[in-house]
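In this text, residue positions in the sequence shown follow the numbering used here: the first is 2, and each later residue adds one. Here is the structure we will look at, set down as structure tokens.
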Amino acid sequence: EIRQPMADEFNWADFVAIGFSHHIEIITKAKSLEARLFYIHESATRFWNKYVLRDYLKADLYNHRGTLPNNFTATMPSTKQALKAVNAFKDEYLLDFINVEELDTQDEDLNERVLEKSIVDNIKRFILTFGQDFIFVGNQYRLEVSGEEMFVDLLFFNRELNSLVAVELKSGKFRSSYLGQLSTYLSALDTYVRKPHENPAIGILLCRDMNQSFVEFAIRDYDKPMGVATYRATKDMPERLRNALPDIEELKKLL
Numbered sequence: 002e003i004r005q006p007m008a009d010e011f012n013w014a015d016f017v018a019i020g021f022s023h024h025i026e027i028i029t030k031a032k033s034l035e036a037r038l039f040y041i042h043e044s045a046t047r048f049w050n051k052y053v054l055r056d057y058l059k060a061d062l063y064n065h066r067g068t069l070p071n072n073f074t075a076t077m078p079s080t081k082q083a084l085k086a087v088n089a090f091k092d093e094y095l096l097d098f099i100n101v102e103e104l105d106t107q108d109e110d111l112n113e114r115v116l117e118k119s120i121v122d123n124i125k126r127f128i129l130t131f132g133q134d135f136i137f138v139g140n141q142y143r144l145e146v147s148g149e150e151m152f153v154d155l156l157f158f159n160r161e162l163n164s165l166v167a168v169e170l171k172s173g174k175f176r177s178s179y180l181g182q183l184s185t186y187l188s189a190l191d192t193y194v195r196k197p198h199e200n201p202a203i204g205i206l207l208c209r210d211m212n213q214s215f216v217e218f219a220i221r222d223y224d225k226p227m228g229v230a231t232y233r234a235t236k237d238m239p240e241r242l243r244n245a246l247p248d249i250e251e252l253k254k255l256l
């Protein structure tokens, strides 16, 4: 279990390191003292501007971070590395640039291509959603094993984890067969792409929906580090929250 900062761990240096506008955002949007301390610490140590902070508050990072179903503890070289990996990912991501109406076809492959294109077209915002330590390597990243071609939807490198991160996009609900596909990609990345000084590649399945207990059952016997997360688009959110989103043109200017 990932330990969150407690109220008796107040850090004055963190408090004074962030601006007044940060404190207003945190006080008005984070409900508990522990959550406020968390956002203060993250803003100070990760140098978030108020717009990045606002995005993480909106996505409820405090409650979602470190809770995605995964097998990191059983598959990574050390407990420390596993905890870093758990901390690096959330169980749910808000992708407010996705037009869910474009995903309403019955063709899953088409839906996934539309989803991938939306993410690539908004890659800066996607990286902000995922975290500042992620570097985008490419989409439809080609791998070849024994004459067979495979294509990773999105490939990143995480500086904190020192690992390649393969993200597979699924427009529907989680299926156990997706894990086998992702595990094969990770084997190929470790064999043909990973540098000697890097840690093993990590895989993340990003699905529209999942049964968490079923995912935890399905993932436990795989020997490659993987996690499963879901995503929401703006249309999936309650109207009250949709109305609280920052203006899209303002975000475009920032990026």
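We treat Cβ as the ideally placed atom computed from N, Cα and C, and that holds for glycine.
Check: For LEU96 and LYS30, the rounded distance between their alpha carbons; Outcome: 19 Å
Check: VAL229 vs PRO70 beta-carbon contact at 8 Å; Outcome: yes
Check: Residue from TYR223, ILE28, LEU207 with nearest C-alpha to SER172; Outcome: LEU207
Check: Burial state of ASP122, where buried means 16 or more other Cβ atoms lie within 10 Å; Outcome: exposed
Check: Under 8 Å between C-beta atoms of VAL168 and ASP154; Outcome: yes
Check: Residues that SER164 bridges to, as DSSP identifies them; Outcome: ASN159, ASN200
Check: Counterpart residues of PHE152 in DSSP-defined beta bridges; Outcome: ARG143
Check: Whole alpha helix (DSSP H) elements within the region 8 to 67, 4-residue minimum; Outcome: 13 to 18, 21 to 30, 34 to 47, 51 to 59, 62 to 65
Check: Pick from THR46, LEU34, ALA36 that is closest to VAL1, judged by C-alpha positions; Outcome: The chain is shown only over 2 to 256; residue 1 falls outside these bounds and no answer can be derived.
Check: Helix, strand or coil at LEU187 [DSSP, three-state]; Outcome: helix
Check: HIS23 versus PHE11: straight-line alpha-carbon distance, rounded; Outcome: 16 Å
Check: Alpha-carbon spacing of PHE158 relative to ALA14, whole angstroms; Outcome: 31 Å
Check: Nearest residue (CA-CA) to GLU43, options LEU34, LEU54, THR192; Outcome: LEU54
Check: Neighbourhood of LEU162 by C-beta, 8 Å cutoff - its chain only, sequence neighbours within 5 removed; Outcome: GLN82, LYS85, ALA86, ALA89, ASP134, ASN200, ILE203
Check: Buried or exposed (CB count within 10 angstroms, at least 16 for buried), THR231; Outcome: buried
Check: Counted within 10 angstroms of its Cβ, other Cβ atoms place TYR193 as buried (16 or more) or exposed; Outcome: exposed
Check: Nearest-angstrom Cβ-Cβ length linking LEU183 and MET227, presumed shorter than 8 Å; Outcome: 6 Å
Check: Backbone CA spacing between PHE48 and LYS32 [nearest angstrom]; Outcome: 22 Å
Check: VAL229 (DSSP reduced to helix, strand or coil); Outcome: strand
Check: Anticipated Cβ contact below 8 Å, ALA36 with TYR63, distance rounded; Outcome: 4 Å
Check: Spatial distance of TYR40 from GLU26 (CA atoms); Outcome: 10 Å
Check: Within 8 Å, strictly: CB atoms of LEU190 and LEU129; Outcome: no
Check: Three-state secondary structure assigned by DSSP to PHE137; Outcome: strand
Check: Spatial distance of ILE91 from THR68 (CA atoms); Outcome: One point to set straight first is that residue 91 is Lys, not Ile, in the sequence displayed. So the alpha carbons of these two residues sit roughly 6 Å apart.
Check: Selection from ASP61, GLY148, GLY20, LEU156 that minimises the alpha carbon distance to ARG195; Outcome: LEU156
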